[in-house]
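Under the numbering used here, read the sequence shown as residues 10 to 476, first letter to last. Ideal Cβ positions, reconstructed from N, Cα and C, are used throughout, including at glycine. One structure is given below, encoded as structure tokens.
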Amino acid sequence: MADKNNIELLKQKLFYKKESGWNTTEKIDEIYKYANEYIKFMNESKTEREIIKSSKKIAESNGFKDINQYESLKTGDKVYYINRDKSMYLAVIGKEDIQKGVNIIGAHADSPRLDLKPNPLYEDGELAYFKTHYYGGIKKYQWTTIPLSIHGVIVKKNGEKIEINIGEKEEDPIFTITDLLPHLAQDQMEKKLKNGIDGEDLNLLIGSIPYEENVPEAVKLNILNILNKKYGITEADFLSSELELVPAMKCRSMGFDESMVAGYAQDDKICVYTELTALVNLEDIPTRTAVCIISDKEEIGSMGNTGMESHVFDMFMSEILNKLGVNKPNLLDKVFCKSKMLSADVDAGFDPIYANVSDRMNAGYLGRGISLNKYTGARGKSGASDANAEFVAEVRNIFESNDVRYQIAELGKVDVGGGGTIAYILANKGVDVIDCGVPVLSMHSPYEVTSKFDLYEAYRGYKAFWK
Ligand code: MN
Ligand code: MN
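This is how it looks when you write it as structure tokens:
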């Protein structure tokens, strides 16, 4: 019989150990410093348009130029393309012939929120409101009684674009959606949670002073008068606007040990930030061309001309092939078939309070590093893009040889629910894709939680993949 020592040794050799990365990391200072920069980025970029603006600034200050500025491309060139201010593609031309494929990392810039309806403004009970239409999967009750800010654009008939950002600065007013007092909520409290707040009741309270006494709709008139003075708009200009309500809370460091980050829209801006900073901080020209995607409309199915389903990304890739002087019929399809991708999207973190929805053995844990999902989907993997084992092995190898902490997880228990990312869209083109992002608690809520350790490992992992 083997003695106790031998059994321990054998266990060490054969068991797959899963543990927090905090105790073994020697990079605590770097992690905290990187997290501070991330928090700053988050507080300046709450919507897809703002993300693209911030990302453009980061890219340009690191030598990236609009691809349209290049007649031809060569190894080491850094390019980007912005699609309608809402999505963006970047690339660093690698040393190897691009016909052997590229390495793509792709995240999305849009997050669940409340959009204003096209005809939003009304008055009731001497109070003025904006009607909203929620965007993405939200739990509606979470969006009442919190401070909200308004971000977006109003485009006048003549094309003049007015940028709105109100509720973020200390001196700005904020807005909120009211909820019923408990004293009178007997009926509401009997409802199912999903029906507790009706979609049509998510109306934003925006004002209460009448323009003049005894005038019908005097509060609405007063609001329009204020908006007209401030932005030069009339009520009809809302028809051509995109105004988004997002939590006015700041992204902050969290916990006594400051190990976590709490903030709105970390799905999926945490992956945007980590991929983008990984790309611009590559020390050397990568072997394979590094391609970075910041997509839009992921939360509502990736449709439309700024979503990943659109062909604008193919156009960007074709432009690269054209400007490298190698393009020929069918080449893009072949390049895709030889390409590899990390679909950088957040994963559901294991939440001990709601442990019953997760399989502890196959859950993503905060603090254990970047989290891979071999597949997503629902029920019998329906709708999943299932990464090939050969590619999973390759990614494991890249992470392990670069000392990147990672875990491989499922979203939740079998048959409990499901989800999806942009992974399948690139996989459909022939790319080898695996989902790979940061575990999040309270996903899609106004205040999501992540671990700074995972944040930093995502950055290191993405860098290793491109290197
Ligand atoms: Mn996401
Ligand atoms: Mn999401």
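- H192 sits in a helix when the DSSP states are folded into three classes.
- Between S120 and Y273, the gap from beta carbon to beta carbon is short of 9 Å.
- When C-alpha distances from K66 are compared across I431, Y90, F24, the shortest belongs to Y90.
- Contact annotation: the segment 16-32 does not touch the segment 248-261, with fewer than three C-beta pairs closer than 8 Å.
- Sorted by chain position, residues whose beta-carbon lies closer than 5 Å to a non-hydrogen atom of ligand 1 are D276, D277, D354.
- Cβ contact annotation for M198 (same chain, cutoff 7 Å, sequence separation greater than five): none.
- Between the segment 366-386 and the segment 455-471, the count of C-beta pairs closer than 8 Å reaches three or more; the two stretches touch.
- Boundaries of the beta strand (DSSP E) harbouring S460: 457-460, taken from the DSSP string.
- At least one heavy atom of ligand 2 falls within 8 Å of the beta-carbon of P121.
- Between the alpha carbons of K422 and R297 lies a gap of roughly 37 Å.
- If you draw a straight line from the Cα of M97 to the Cα of I302, it comes to about 6 Å.
- With a contact defined as Cβ atoms closer than 8 Å, T34 and F462 qualify at about 7 Å.
- Exclusion of M317 from the 8 Å shell around ligand 2 follows from its C-beta lying no nearer than that to any non-hydrogen atom of the ligand.
- For the pair Y220 and A137, the Cα-to-Cα distance works out to about 12 Å.
- Ranked by Cα distance from S29, the first of K166, K42, I379, V321 is I379.
- Note that the C-beta distance between D124 and E251 is below 9 Å.
- Rounded to the nearest whole angstrom, the CA to CA distance from D293 to D86 is 12 Å.
- In the same chain as N174, and ignoring 5 residues on each side of it, the C-beta atoms closer than 7 Å to its own belong to H160, in chain order.
- The segment 192-238 contains, as complete beta strand (DSSP E) runs of 3+ residues, the segments 213-216 (chain order).
- Nearest Cα to I114 within the set V425, R122, T84, V404: V404.
- Going by beta carbons, Y471 and A387 fall outside the 9 Å limit.
- Taking all protein chains in view, the Cβ of R93 is surrounded by fewer than 16 other Cβ atoms within 10 Å, so the residue is classified as exposed.
- If you ignore the 5 residues before and after E57, its C-beta comes within less than 6 Å of the C-beta of K95, A118, D119, D305, all in its own chain and listed in chain order.
- Distance from the Cα of L189 is smallest, within the candidate group T153, L202, E209, for T153.
- Taken in chain order, the complete beta strand (DSSP E) segments of 3 or more residues contained in the segment 243-305 are 250-256, 261-263, 269-272, 299-304.
- Its chain contains N92, R93, K95, S96, D305, K306 as the residues whose beta carbon lies nearer than 7 Å to that of T315, once the 5 sequence neighbours on both sides are disregarded; these appear in chain order.
- Counting only the Cα atoms, L420 lies some 12 Å from C445.
- DSSP places L340 in the uninterrupted alpha helix (DSSP H) bounded by 340-346.
- Contact annotation, V162 with E172: C-beta distance approximately 6 Å; criterion of less than 8 Å satisfied.
- In this structure, E284 has its beta carbon at no less than 8 Å from each heavy atom of ligand 2.
- Taking a contact to require three or more Cβ pairs closer than 8 Å, the segment 65-80 and the segment 174-184 do not qualify as touching.
- Per DSSP, R58 is not a residue of any beta strand (DSSP E); the alpha helix (DSSP H) it occupies stretches across 57-69.
- A straight-line Cα-Cα distance of about 25 Å links S64 and L450.
- Between the alpha carbons of N45 and M51 lies a gap of roughly 10 Å.
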